[in-house]
Amino acid sequence: MRKNTPLALVFNALFLTFMLAPLVVICLVAFTSKGYISLPTDGFSLRWFRAILDNPHFIDAFYLSLMLGFASATIAVSIAVPASLAFARYKFTGRAAIMAFFLSPLMVPHIVLGVSFLSFLTKIGWYGSFMGLVFTHVIIIMPYALRLVLSSITGLDQSAESAAASLGASNWVVFRRVTLPMIIPGVAGGWVLSFITSFDEVTMSVFVASPSTTTLPVRMYEHITETIDPLIASLSASLIFITMIVMLILDRFYGLDKILVGKGK
Amino acid sequence: MSQQSDTLSTARPYLLSAPALLLYVGVFMIPLIMTFMLSFYTFDITRGGILSGFSLENYTEVLSDSYFHKIFLRTFVLSILVTVFCVLLGTPEAYILHNMSSRWKSICMLAILGPLLVSVVVRTLGWAILIGSDGLINNTLMALGLIDEPIKLMFTMTGLVIALVHVLIPFMVLSVWAALQKLDPMVESAGQSLGASSFTVLRKIVLPQIMPGVLSGSLIVFALTASAFATPSILGGRRLKVVATTAYDEYLGTLNWPLGAAIAVLLLLANILIITSYNKFIERKYAQAFK
Amino acid sequence: MSFLHLEGLTKHFGDFVAVEEVNLTVEKGEFISLLGPSGCGKTTTLQMIAGFVNPTKGKIFIDNQDITELKPSKRNLGIVFQSYALFHHMTIHDNVAFGLEMRNINKAECQERVIETLSLVHLEDFAHRFPRELSGGQQQRVALARALVINPEVLLLDEPLSALDAKIREDMQIELRSIQRRLGTTTILVTHDQSEAMAMSDRIAVMNNGRLAQVDRPHRAYEHPGDNFVSNFLGKSNTFKGQVKDVSDGTARINASGVDFLARNDLFEPGTTVNVSVRPEKIQFCEPGKGQIDGSISTRIFLGNQWVFQVDSDIGEFVVVGQNTGREVVEEGHKVGLNWSEREVRVLPMENQA
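Protein chains in written order, with our numbering: chain A, -6 to 258; chain B, 120 to 410; chain C, 18 to 371.
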């Protein structure tokens, strides 16, 4: 490991400024007391944060996004665990092909998924239903869930399971008492990443969200395309604060880079 | 160890992946096939909208109309520009992070990767506030007397590139960072002990070894820019249409689903083509050194 | 009668022959080592006994019962894995209690047996800690306690000490052996470390290329290796190719590149090509011309308790080991004579492989 030159440190400072500037600006603007986008030059006001609470549109969308993230992450993880077990533990015909198939939504642009889900849900009459939204989100987050769960299973020392079997445990007991507790950290990481991905998704959801099932990012997107006001800034600032707390917790338990490495490619 | 493989039945792995497989076929494959078929239908507002059948009309329209040519070309140029800037800025940043003490490293990592957890809508909003004609950058520069009239960034290629680089550069840093972690920390010292200058070590020893990370990072950035929707839509608007926003307008604006489907299919094919040929190229180039 | 019996045990993975026709009988209470280089089939053999790998052919009996088709969970064997394979999410106590729990043993007795076994391995004070809080040696002993607490029919040890430091490894060898003696548990140790196998076992079974090369008491196997492989795997040997010239009174004269070796052996017909070998510690230095062969010291290495010499001779290089008695020894470049007794010369059949 070598030391960074002063030039490198200046570069780093500029880079971090670039990364944080848009988020910091949102947080500052959110505290304005004026009716338009401006810096809070004459003191901090919570006026626009109170305004969020008076706006049921956003509150409803927030709850819907929470429930959607919760449902789709849970479904994704609970089908990713058995699938990962199959990939990690068995050699079977078509293994590589099925695995590539499960990761393939990563190769499909969300806009393409969006238009496809729109036709599909309309055709089967699920357009506007919560469950329809959940299933489409499961497809989007499955690759992430699968990657994290799979890597925690392949990293597992299999001899612990052999040990349990030799001590008299049946297959099911081995899974419940040894395998599952040992992969829980990976599964939980997969769940969190899935939840966040679902909660943040906008491109695909723009197509499948109906007026009664609009997610928060979609609602915000629609709002921004019409007007950019302090209300949307305070809402965004609130999301940034919540994300920061989640992020600090995640970083403490897993290391952010370990979780997000699963997000690339 | 495949010790259990011969004690358990061959059906088990299929049963274990069955739930996921069913879901994928039902909710992923079928919708994609439907879009593919839809792209061959026709749209005629006077005869009641979408007419099923088989016609190449939508494809000929997209491929022959200069309006669409411009949109596809713009998307391609945008993707190239964003990728180049992500490589030029993200690679050195990853290397600087790599050389930091672990405390500073984790703080900087949080600042760089944290934005990934925030919705792209929020991040784009930040740029809209910053670069709007009465945005903060312009207001500050004018207040300081550095410029006389606002610089035009909103609804320009420059503004779009800045915002998309911001949105996607974490993937680049992450990818190079992962490659740097595989680097034996002693190779740099070894290079220097053999008489190479710091710059030579960087160019001849470090860079070639992290090249696969740079390449896979650029692939991610390129593919995600090519299909980006929210950022171009908010910052580019009607004036700077890209492929994704055009498909959106066809679907939800003019309601010409078949034409939108054809655009989507072309985007998907281009995406798959670029990803697979790029992977082939990387594999061929690095097969010997990294297998 | 034999307690554990392997009958024609064979395992093929596709075309690859991992284990071929292994026949082995182990007495009750015996400590036996499966010894061999990596890939020799020793671990596969152990896994077949444990039930993790199904034999292609052959049978396994414990106490005259055929267990070949039995699931691992029904065999009642204690296994200690190379990686320890502890349950990291459970305390030491819960790790050890797991096997008893699977046997539905009541709480009070379970508690008693866990404490008893933990004190056997001197870990009774660590019951409520987690595995990650323990050192490698301690984790190893937890793994041992977990395997022993169920009173297994046979204890299987899969390279249990290979992850430990040299010093701790030696201590654990002694401790493991004394626990095994005290409990009288029939034990099979898999190892590639010949000194570990010789130090701990009643008998060693040397394996090579999936087959049993020799099964014998350690001393006997060392002094009377059955073939070239065993001779070179157990300790070092100076081996030369030669031809039997004549045999009389139970002594064979073997010519190797012009030098005659005498050996107590009448198993080979005159004219047969054989290997002759002498162990390095069985060779003494003497005045040049007064020994069996002359040579000059090319290298000399001091190891503390002993010296290792490389000696160039007309028929090739000899390795000679001498105890460090504190006196000066011959220096590099000097000419010496090499002398050995004909009782120390072993004659081994030629093999196809080196």
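Idealized CB from N, CA, C, for every residue including glycine.
Do residue 307(B) and residue 333(B) have their beta-carbon atoms positioned less than 8 Å apart in this structure? Result no, Cβ atoms of residue 333(B) and residue 307(B) do not sit closer than 8 Å.
Throw me the rounded Cβ distance for the residue 127(A) and residue 65(A) pair, which I believe falls under 8 Å. Going by Cβ atoms, the distance from residue 127(A) to residue 65(A) rounds to 5 Å, so yes, they are a contact pair.
Tell me whether the beta-carbon of residue 383(B) lies closer than 8 Å to the beta-carbon of residue 108(A). Cβ distance < 8 Å, so residue 383(B) and residue 108(A) count as in contact.
Would residue 33(A) and residue 26(A) qualify as a contact pair, given that the criterion is a beta-carbon distance under 8 Å? In contact: residue 33(A) and residue 26(A) (Cβ atoms closer than 8 Å).
Cβ-Cβ separation, residue 132(A) to residue 81(A) (assumed contact under 8 Å), whole Å: Rounded, the Cβ-Cβ distance is 22 Å, inconsistent with contact.
Our contact map puts residue 213(C) next to residue 231(C) with C-beta atoms below 8 Å; I'd like the distance itself, whole angstroms only. Incorrect: roughly 17 Å between the Cβ atoms, too far for contact.
Hey, is residue 443(B)'s beta-carbon within less than 8 Å of any beta-carbon in chain A? What is shown of chain B runs 120 to 410, which leaves residue 443(B) out entirely.
Are the Cβ atoms of residue 203(C) and residue 20(C) separated by less than 8 Å? The answer is yes: Cβ separation under 8 Å.
If we cut at 8 Å on Cβ distances, does residue 96(C) have a partner in chain A? With respect to chain A, the C-beta atom of residue 96(C) has a partner C-beta closer than 8 Å.
Let me know the beta strand (DSSP E) ranges lying completely inside the region 206 to 254 of chain C, each 3 residues or longer, listed in chain order. Given a length threshold of 3 residues, each whole run of the beta strand (DSSP E) inside the region 206 to 254 of chain C is given here in chain order: 220 to 225, 228 to 233.
Is it the case that the Cβ atoms of residue 158(A) and residue 90(C) are separated by a distance below 8 Å? Closer than 8 Å, so yes.
Report the neighbours of residue 78(A) on chain C: residues whose CB is nearer than 9 Å to its CB, in chain order. Neighbours of residue 78(A) on chain C: none; closest Cβ ~17 Å, over 9 Å.
Inter-stretch contact (C-beta, 8 Å, three-pair minimum) for the region 166 to 182 of chain A and the region 38 to 57 of chain A: Output reads no: the region 38 to 57 of chain A does not touch the region 166 to 182 of chain A.
Name the chain A residues whose beta carbon is nearer than 8 Å to that of residue 89(C)? The contacting residues are 155, 158, 159.
Against chain C: residues of the region 160 to 177 of chain A by CB proximity under 9 Å: Residues passing the 9 Å Cβ filter: 160, 161, 162, 163, 164, 166, 167, 170, 171, 174, 175, 177.
According to the neighbour-count rule (16 or more other Cβ atoms, all chains shown, within 10 Å of its Cβ), is residue 65(C) buried or exposed? Flag for residue 65(C) reads buried.
Along the beta strand (DSSP E) that carries residue 38(C), what are the first and last residues, could you check? Residue range 33 to 43 is occupied by the beta strand (DSSP E) that includes residue 38(C).
Going by the beta-carbon positions, is the gap between residue 84(C) and residue 120(C) smaller than 8 Å? Between residue 84(C) and residue 120(C), the CB-CB gap reaches or exceeds 8 Å.
Using the rule of at least 16 other Cβ atoms within 10 Å of the residue's Cβ for burial, across every protein chain shown, is residue 176(C) buried or exposed? By the neighbour-count definition (other C-beta atoms within 10 Å, threshold 16), residue 176(C) is a buried residue.
Determine the extent of the beta strand (DSSP E) in which residue 96(C) is found, giving its start and end residues. 95 to 97 is the extent of the beta strand (DSSP E) around residue 96(C).
Whole alpha helix (DSSP H) runs in the region 77 to 128 of chain A with 4 or more residues, listed along the chain? Note on the region 77 to 128 of chain A: whole alpha helix (DSSP H) runs with a minimum of 4 residues are 88 to 96, 103 to 117, in chain order.
Opposing strand residues paired with residue 28(C) [DSSP bridges]: According to DSSP, residue 28(C) shares a beta bridge with 36(C).
For chain A, is any of its Cβ atoms less than 8 Å away from the one on residue 219(B)? Yes, contact with chain A.
Got a sec, what are the start and stop residues for the alpha helix (DSSP H) residue 323(B) sits in? No alpha helix (DSSP H) holds residue 323(B); DSSP gives it neither H nor E.
Taking 8 Å as the cut-off, decide whether the C-beta atoms of residue 173(C) and residue 67(C) are in contact. The answer is yes: Cβ separation under 8 Å.
For the region 199 to 206 of chain B and the region 224 to 241 of chain A, state whether three or more C-beta atom pairs, one from each stretch, are separated by less than 8 Å. No: fewer than three Cβ pairs fall under 8 Å.
Does the distance from the C-beta atom of residue 355(B) to that of residue 369(B) stay below 8 Å? No, the Cβ-Cβ distance between residue 355(B) and residue 369(B) is not below 8 Å.
How far does the alpha helix (DSSP H) with residue 163(C) in it extend, from its first residue to its last? It spans 153 to 165 - the alpha helix (DSSP H) in which residue 163(C) sits, taken as one unbroken run.
Counting only runs that start and end within the region 25 to 61 of chain A, where is the alpha helix (DSSP H) found for 4 or more residues in a row? For the region 25 to 61 of chain A, whole alpha helix (DSSP H) runs of length 4 or above, ordered along the chain, are 40 to 46.
Along the chain, where does the alpha helix (DSSP H) that runs through residue 224(B) open and close? Its alpha helix (DSSP H) spans residues 221 to 232.
Is there at least one Cβ from chain A nearer than 8 Å to residue 78(C)'s Cβ? Taking a beta-carbon distance threshold of 8 Å, residue 78(C) does not count as an interface residue toward chain A.
Going by beta carbon distance, what residues of the same chain come within less than 7 Å of residue 69(C), once the five residues before and after it are set aside? Excluding its 5 nearest sequence neighbours in each direction, residue 69(C) has C-beta neighbours in its own chain below 7 Å: 89, listed in chain order.
The region 151 to 167 of chain A touching the region 106 to 123 of chain C, judged by at least three CB pairs closer than 8 Å: Short answer: they touch.
Between residue 197(C) and residue 48(C), how many whole angstroms is the CB-CB distance? I'm expecting something under 8 Å. At roughly 6 Å, the Cβ-Cβ gap stays under 8 Å, so residue 197(C) and residue 48(C) are in contact.
Cβ neighbours of residue 257(B) in the same chain (closer than 7 Å, five flanking residues each side left out): Exclusion of the five residues before and after residue 257(B) leaves 269, 270 as the residues of its chain whose Cβ lies within less than 7 Å of its Cβ.
If I follow the unbroken alpha helix (DSSP H) through residue 164(A), where does it start and stop? Note, residue 164(A): alpha helix (DSSP H), 164 to 167.
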